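Quick note on numbering: the sequence shown equals residues 4 to 240 in the numbering used here. All C-beta atoms in this analysis are idealised placements derived from N, C-alpha and C, irrespective of residue type, glycine included. Everything numeric in this text was worked out from a predicted model, so none of it was measured. Report on one structure; see the data block that follows.
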Amino acid sequence: MQPWVSLFSGGKDSSWALYRALEEGHPVDRLVTVHPQGDSYMYHTPATSLAALAAESIGIELLDVHPGDFGADDVADSGAQGDAELEPLERALESLAAGWGGIGGVTAGAVESDYQTSRIQGMCDRLGADLFAPLWQRDPHELADAMLEAGFEIRLVQVAAHGLDESWLGRTLDREAVEELTRLNEEYGVHVLGEGGEFETLVVDGPHMDRRIELESEPVWEGTRGHLRIEDAWLAA
């Protein structure tokens, strides 16, 4: 059986895709984290430096991809930028495939984005790999419930939406938070899972992890949006 690759940022969606793949017995042999410098149409951007800690806790080797600056001015439009952003990832997977004799499958945490999913599907087709996207087109409330029921501990590390103030930075995404996000969805259109970029997350613990990620952090608020500045991070003993 050919090894699998999991596209992994440390956030809830990619972590859930990895967890479900492992639950179904797919032989995930490598986690792959892309580290954009600046805003990205394709990838989760905040706190990707913590993916290495998460990988250590999970016990699967991590491959880091540093493709350079993905600033919006680099290309003519978002479609061209998405294609340009995909190229370094595809080159990295081609290298893995050459060493392994092929890649059996790729996991991805896409929920509703055709923009991302169509490009990842095209990449998998070119690699001859299956795409495993267990969150795709699922009800966000059902997904949130499933993650919490499985034991995921999820922290918000970035917010950028009406209704989400500084108090959300570092907050745990628990059932009370999901209920509040549901109300904010009705009032402002905030996606319950942050699929529209309303917030980004980090999974600090879960059933697929041997040790919890501990954080020392400081909220940074910039008027209408903010992020959690990570001062230090380590795996609990």
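Simplified DSSP assignment, three categories, for residue i
{"i": "P222", "result": "strand"}
{"i": "Q124", "result": "helix"}
{"i": "D117", "result": "helix"}
{"i": "D86", "result": "helix"}
{"i": "E27", "result": "coil"}
{"i": "E3", "result": "Only positions 4 to 240 of the chain appear in the structure, and residue 3 is not among them; the question remains open."}
{"i": "A75", "result": "Summary for A75: the model assigns pLDDT 41, below 50, so the residue's position carries little reliability, and this model does not support an answer."}
{"i": "G14", "result": "coil"}
{"i": "L94", "result": "Sequence inspection shows Arg at residue 94; the Leu mentioned does not correspond to that position. In this structure, R94 counts as helix in the three-state DSSP scheme."}
{"i": "P143", "result": "helix"}
{"i": "G197", "result": "coil"}
{"i": "G166", "result": "coil"}
{"i": "L99", "result": "helix"}
Range of the contiguous alpha helix (DSSP H) that encloses residue i
{"i": "V181", "result": "178 to 191"}
{"i": "E203", "result": "Counting along the chain, E203 falls outside any alpha helix (DSSP H), though it belongs to the beta strand (DSSP E) covering 202 to 208."}
{"i": "D67", "result": "Here D67 belongs to no alpha helix (DSSP H); instead the beta strand (DSSP E) covers 65 to 68."}
{"i": "E59", "result": "54 to 61"}
Cα-Cα separation between residue i and residue j, rounded to whole angstroms
{"i": "V37", "j": "A149", "result": "26 Å"}
{"i": "V223", "j": "E234", "result": "12 Å"}
{"i": "D168", "j": "E225", "result": "10 Å"}
{"i": "A24", "j": "A136", "result": "9 Å"}
{"i": "A87", "j": "L21", "result": "25 Å"}
{"i": "L99", "j": "V109", "result": "12 Å"}
{"i": "S220", "j": "G173", "result": "8 Å"}
{"i": "F11", "j": "E190", "result": "32 Å"}
{"i": "N188", "j": "E115", "result": "16 Å"}
{"i": "E217", "j": "L56", "result": "10 Å"}
{"i": "M4", "j": "L130", "result": "15 Å"}
{"i": "G107", "j": "G166", "result": "42 Å"}
{"i": "I63", "j": "D32", "result": "6 Å"}
{"i": "L196", "j": "A111", "result": "15 Å"}
{"i": "A240", "j": "M126", "result": "39 Å"}
{"i": "V193", "j": "E203", "result": "13 Å"}
{"i": "S18", "j": "V206", "result": "7 Å"}
{"i": "A153", "j": "D128", "result": "31 Å"}
{"i": "A58", "j": "S52", "result": "11 Å"}
Environment of residue i [buried if 16+ CB atoms lie within 10 Å]
{"i": "W171", "result": "buried"}
{"i": "T227", "result": "exposed"}
{"i": "T175", "result": "exposed"}
{"i": "R158", "result": "buried"}
{"i": "G104", "result": "exposed"}
{"i": "G209", "result": "buried"}
{"i": "H211", "result": "buried"}
{"i": "D77", "result": "In this prediction, D77 has a pLDDT of 45, which is less than 50 and means its spatial position is unreliable; nothing more can be read from the coordinates."}
{"i": "E179", "result": "exposed"}
{"i": "R94", "result": "exposed"}
{"i": "D16", "result": "buried"}
{"i": "W237", "result": "exposed"}
{"i": "Y44", "result": "Any reading at Y44 must be qualified, since the residue scores a pLDDT of 49, below 50, and its modelled position is unreliable; the value itself is stated next. Buried is the call here."}
{"i": "H29", "result": "buried"}
{"i": "H69", "result": "exposed"}
{"i": "A101", "result": "exposed"}
Start-to-end residues for the beta strand (DSSP E) that takes in residue i
{"i": "I157", "result": "156 to 162"}
{"i": "E234", "result": "229 to 238"}
DSSP bridge partner residues for residue i (one or two, in chain order)
{"i": "S9", "result": "L34, T110"}
{"i": "D133", "result": "G108"}
{"i": "E217", "result": "W237"}
{"i": "T175", "result": "R158"}
Cβ of residue i within 8 Å of any chain D Cβ
{"i": "V68", "result": "Annotation note: the requested chain D is absent from the structure, which comprises a single protein chain."}
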